[in-house]
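Number of protein chains: 2
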Amino acid sequence: MRLTAHTDYALRIMLHAALSAQQDETLLSIAQVAADHHIPRNNAMKVVNMLANAGYLETIRGRNGGFRLNRPASGITLGAIVRLAEPSLNPADCGQCILQSSCGLTAMLHRAVAAFLAELDSQTLAQAAENSSLPSPISFL
Amino acid sequence: MRLTAHTDYALRIMLHAALSAQQDETLLSIAQVAADHHIPRNNAMKVVNMLANAGYLETIRGRNGGFRLNRPASGITLGAIVRLAEPSLNPADCGQCILQSSCGLTAMLHRAVAAFLAELDSQTLAQAAENSSLPSPISFL
DNA sequence: TTTAAAGATGCGAATTGGATGCATCTATAC
DNA sequence: GTATAGATGCATCCAATTCGCATCTTTAAA
Numbered sequence: 008m009r010l011t012a013h014t015d016y017a018l019r020i021m022l023h024a025a026l027s028a029q030q031d032e033t034l035l036s037i038a039q040v041a042a043d044h045h046i047p048r049n050n051a052m053k054v055v056n057m058l059a060n061a062g063y064l065e066t067i068r069g070r071n072g073g074f075r076l077n078r079p080a081s082g083i084t085l086g087a088i089v090r091l092a093e094p095s096l097n098p099a100d101c102g103q104c105i106l107q108s109s110c111g112l113t114a115m116l117h118r119a120v121a122a123f124l125a126e127l128d129s130q131t132l133a134q135a136a137e138n139s140s141l142p143s144p145i146s147f148l
Numbered sequence: 008m009r010l011t012a013h014t015d016y017a018l019r020i021m022l023h024a025a026l027s028a029q030q031d032e033t034l035l036s037i038a039q040v041a042a043d044h045h046i047p048r049n050n051a052m053k054v055v056n057m058l059a060n061a062g063y064l065e066t067i068r069g070r071n072g073g074f075r076l077n078r079p080a081s082g083i084t085l086g087a088i089v090r091l092a093e094p095s096l097n098p099a100d101c102g103q104c105i106l107q108s109s110c111g112l113t114a115m116l117h118r119a120v121a122a123f124l125a126e127l128d129s130q131t132l133a134q135a136a137e138n139s140s141l142p143s144p145i146s147f148l
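Residue numbers (the working numbering), protein chains in the order written: chain A, 8 to 148; chain B, 8 to 148.
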């Protein structure tokens, strides 16, 4: 019953981007955000890339590049981020089970996952940001 | 977003025990159930032990021993089994996060997990058994 | 036009939780 | 007393995940 580290990172990075967007239009650098959150730089890159490919972030290459939210935080749900980042949303692998189709558990598990995601779908990144704040200074080596 | 194999096994074994209890009072043997479900015998033992220690199963040692439900299937929820078997119900490890207490995500994640478990709490093993049936013969090598 | 900064991407190593097997012990029926 | 079946601890293995390295592309500044 755990999310992968990538999903965790994705949520943090998106929240960070949302909080940053509240203040100004400056770009965030992957390296800086990774350092701030103690996330390995390469992992942060992969997560930012994934989020950018999905349209949630805008990335600008080259010197003075970086990334920022690509659309309003009010239009992005936490559920969407989790769905994107999580490699599997099947709590169990029923493929080899002898009960197969005559099993009352699978339907139940699906409903439980649906409830989990529904809860996350009910809150937007903007709402999550309202209840959050970045420590200042954000970089406190 | 996966349950561990042990949790999966626990659900299957409990369902199996419930279905078996519907028919007669005979004991199930761990070895047999493990073979039926293609679960490694040692793992099945550990799961049965865990379930027995938690009071869900009764185990009888020695020759002609085995196990069976220790209380009515109508009084056991799927949520209870999952809570028991799952080693962690924290979808993310927030321990080292710089956002710490000023993070709007943790509360949300907790609510999502709560929704997941609530859904599983809403159905009993007896109800799950109603929608299930063991293949016959159960051992079909 | 050269250089430096910053993102993009693929590959492979390393780690770590989980799963499995082995050995041994205890209990009980026959 | 012996065979069977569960109880339990230890050791090993395995695979998903995580992480780092190397290399490439892009773009702004010098």
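The beta carbon of each residue, even a glycine, is placed where N, CA and C say it ideally should be. No experiment lies behind these values; they were computed from the predicted model shown.
*Measure from the alpha carbon of B:Pro98 to the alpha carbon of each residue in B:Ala119, B:Ala125, B:Gln107, then state which is nearest.*
B:Ala119
_Which same chain residues end up closer than 8 Å to A:Ala1 when comparing Cβ atoms and leaving out the 5 residues on each side of it in sequence?_
Residue numbering for chain A in the displayed model covers 8 to 148; residue 1 of chain A lies beyond these limits and cannot be assessed.
_Per-residue DSSP class, three states only, for B:Gly73_ = strand
*Go through its chain and collect everything with a Cβ distance to A:Ser146's Cβ below 8 Å, but skip five positions before and after it.*
Caution applies to A:Ser146, whose pLDDT of 47 falls short of 50 and renders its modelled position unreliable; the value that the coordinates give is listed next. These residues qualify, in order along the chain: Gln39, Ala42, Asp43.
*Take every Cβ of the region 104-118 of chain A, pair it with every Cβ of the region 16-32 of chain A, and state whether three or more of those distances are shorter than 8 Å.*
no
_Residues in the same chain with beta-carbon distance under 6 Å from B:Ser81, minus the five sequence neighbours each way, listed in chain order, please._
Thr131, Ala133
_Output needed in chain order: residues of the region 36-47 of chain A with a Cβ under 8 Å from some Cβ in chain B._
Asp43, His44, His45
*Would A:Leu127 pass as a contact of A:Gly62 if the rule is Cβ separation under 8 Å?*
no
*Test item: CB-CB of B:Ser139 and B:Leu26 under 8 Å*: yes
*Does the Cβ of A:Asp100 have 16 or more other Cβ atoms within 10 Å, making it buried, or fewer, making it exposed?*
exposed
*Quick one: measure Cβ to Cβ for B:Leu116 and B:Arg90, integer angstroms, because I've assumed they're closer than 8 Å.*
With 8 Å as the limit, B:Leu116 and B:Arg90 do not qualify as a contact, their Cβ atoms being about 17 Å apart.
*Complete runs of the beta strand (DSSP E) confined to the region 35-102 of chain B [at least 3 residues]*: 64-67, 73-76
*Pick helix, strand or coil for B:Thr14, following the three-state DSSP scheme.*
helix
_Beta-bridge pairing of B:Arg9 - partner residues as DSSP gives them_ = A:Arg9
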